[in-house]
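Number of protein chains: 2
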Amino acid sequence: MQKEFYDPAKPDGQNSSIKEPISHNGIGKIGKRYLIPARQGRAVRLKKNQSIFIHNIRGNQVCDFFALIDGSESEFLSMEHTRTALGRVYVSKGDILVTNRRRPLIQIVEDTSPGIHDILIACCDHARYQQLGAVSYHDNCADNFRMSLLAINVPIKHIPSPFNIWMNIPVSENNGKYSWEAPVSSAGDSIKLKAYEDCIIVMSACPQDMTPVNGLGVLPSELEFELESF
Amino acid sequence: MQKEFYDPAKPDGQNSSIKEPISHNGIGKIGKRYLIPARQGRAVRLKKNQSIFIHNIRGNQVCDFFALIDGSESEFLSMEHTRTALGRVYVSKGDILVTNRRRPLIQIVEDTSPGIHDILIACCDHARYQQLGAVSYHDNCADNFRMSLLAINVPIKHIPSPFNIWMNIPVSENNGKYSWEAPVSSAGDSIKLKAYEDCIIVMSACPQDMTPVNGLGVLPSELEFELESF
């Protein structure tokens, strides 16, 4: 029997993430505010020692955040290696997140929110929404990641587990059960992340509207980001 | 400046895992007991509906366990997707572990141990031991995974986060801190895992001897496995 070949780079469907990169090569302008429309993703190149601000415009929007080493994309920000580095399953301001080769890549430099973020959960994808009951294509962070990188011609061979900014997944001690809770961030909250290496950042304004991840009874909304000088 | 190219398939050093596969193609004999020597890894092909027993001979030995879809190795057992499927950060007997495409792949059918296993922590690797203070090459589960697959000519593009059988990583509720504890399993404990798809299993007898993961003051030891009929 012929096995089905799985290509991690190929989206299961499409939205505008694939045709509206911030520039043809993902290089952005310092200080310019860029929009990540609701349910979409964008990629941007960040240089070593440069920082990026991500703004939670409505306050309830989760950002699935990925970072790949520029030019060596098999090395990327890794939540399982970050958990080992931190000795915790949560992150805090000041923490340094590491790659799958255990190299420092991203530091949480500033955070105006209460600091509740997730480093445990895979990004949503086509299969997840089908399992939740979607009957047709549903925007998803895996496809937003793929499309944002296809749009600037960066090849990938794996979809890393993301740093889920503002996602609220409290874990219970006794049985290890967790729950999907609404974000505790507020409109206008922002987080500042500094790069330790030249990297490609991908952010997805998570389109999850079948669990309360982006707020109970609230539609997925936009995010904004801007690059800071070195 | 020239970027360093990272090849996930290439070991950082070697041990006998690369030259002593159970057979040239990883196909095993039903009912035969196979040894995984201390600090080494082995790969074996498992057919859909077939089960594998893994035996903890000394009782204190952690097994880093990986499973890849046979013929489509970019799809593999994924702990971050399994956590979403289970709603827990721990596993229990009866649980079905899923792939990065959210398909059922491995079920925990039997478990004679108290059932303490880990699905949070990346496998150990060369960088980890260097950070812990190793001054020369140290056997590690990432290289055992790479070598076990090189030995049967299976290409990989990523090292998945493993199912760490008998690894004891309790998570604290208040701050999300966890600790590295000795296994609570006993000599002769075994776990039975059933495959939902044709897959390639890789097991590494974890060589960690710089934290108490394999028992306090105890040397890493061997494991054994056997295949059960359909």
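Sequence order for the protein chains is S and C.
Be aware that the first sequence starts at 30, since it is given in the numbering used here, and climbs by one per residue.
Be aware that the second sequence starts at 30, since it is given in the numbering used here, and climbs by one per residue.
Glycine residues also receive a C-beta, built at the ideal position from the N, C-alpha and C atoms.
Counting only runs of at least 3 residues, the region 81-123 of chain S fully encloses the following beta strand (DSSP E) elements, listed from N- to C-terminal order: 92-98. Looking at the DSSP output, Glu-251(S) bridges to nothing. At least one CB of chain C lies nearer than 8 Å to the CB of Arg-157(S). For Glu-202(C), at least one C-beta of chain S is nearer than 8 Å to its own C-beta. Ala-234(S) is not a Cβ neighbour of Ala-96(S), given a cutoff of 8 Å. The Cβ atoms of Val-200(C) and Glu-109(S) lie no closer than 8 Å to each other.
For Tyr-225(C), the three-state secondary structure derived from DSSP is coil. With a 10 Å radius around the Cβ and a threshold of 16 neighbouring Cβ atoms, Gln-237(C) comes out buried. Put simply, the CB of Ile-150(C) is near chain S, with a gap under 8 Å to one of its CB atoms.
Note that the C-beta distance between Lys-223(S) and Val-127(S) is not below 8 Å.
Just so you know, the alpha carbons of Tyr-225(C) and Arg-132(C) end up roughly 9 Å apart. When 9 Å is used as the limit between beta carbons, Val-183(S) is near no residue of chain C, the shortest such separation being about 13 Å.
The three-state secondary structure of Val-164(S), taken from DSSP, is coil. Using a Cβ-Cβ cut-off of 8 Å, Phe-34(C) counts as an interface residue toward chain S, since at least one Cβ of chain S sits closer than that to its own.
Just measuring C-alpha positions, the residue of Ala-216(C), Val-164(C), Phe-94(C) sitting nearest Ser-142(C) is Ala-216(C).
If you check each beta-carbon in the region 100-119 of chain S against every beta-carbon of chain C, the ones closer than 8 Å belong to Gly-100, Ser-101, Ser-103, Glu-104, Ser-107, Met-108, Glu-109, His-110, Arg-112, Thr-113, Gly-116, Arg-117, Val-118, Tyr-119. At a cut-off of 8 Å between C-beta atoms, Gly-42(S) does not count as an interface residue with respect to chain C. In this structure the region 44-58 of chain C lies against the region 176-195 of chain C, because at least three pairs of beta carbons, one per stretch, are closer than 8 Å. With contacts defined by Cβ atoms closer than 8 Å, Leu-75(S) and Cys-228(S) form a contacting pair.
Under the Cβ criterion of 8 Å, Pro-236(C) is not counted among the residues facing chain S. According to the DSSP assignment, Ala-171(S) belongs to the alpha helix (DSSP H) that extends over 170-179. Under DSSP, no beta-bridge partner is assigned to Lys-58(S). Secondary structure of Gln-136(S) (DSSP, three-state): strand. DSSP links Tyr-63(C) through a beta bridge to Phe-254(C).
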